[in-house]
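Residue numbers (my numbering): 44 to 112.
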């Protein structure tokens with residue numbers, strides 16, 4: 044269910060500065076709604092986006108970061 048909301052990494056360009064990093068995306072908002080529909084609480088789009096980052100659905104390392112994939 045969660046991986047169904049992963050976006051294509053080629054569609055979104057890699058950020059070049061920390062100011063370009065989003066806190067919420069359309070995918071995190073959709074996943075948040077789906078999780079709430081299944082009865083979960085306290086799963087807003089920002090929290091879900093953090094989950095997506097930590098589980099590898101999105102890679103928000105800026106250009107030049109030594110951890111960038």
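Every residue gets a Cβ at the ideal spot worked out from N, C-alpha and C, and that includes glycine.
For clarity, every value in this text was computed on a predicted model and none was experimentally measured.
Limits of the unbroken alpha helix (DSSP H) element including residue 63: Neither: residue 63 is in no alpha helix (DSSP H) and is coded neither H nor E.
Assigned exposure category for residue 63 - 16 Cβ within 10 Å defines buried: The residue is exposed, with fewer than 16 neighbouring Cβ atoms inside 10 Å.
Buried/exposed call for residue 56, threshold 16 Cβ in 10 Å: Under a 10 Å Cβ-count criterion, residue 56 is classified as exposed, with fewer than 16 other Cβ atoms of the shown protein chains found around its own Cβ.
First through last residue of the alpha helix (DSSP H) which encompasses residue 84: Where residue 84 is concerned, there is no enclosing alpha helix (DSSP H), given that its DSSP letter is neither H nor E.
Residue from 44, 106, 60, 95 whose Cα sits closest to the Cα of residue 67: Answer by Cα proximity: 95.
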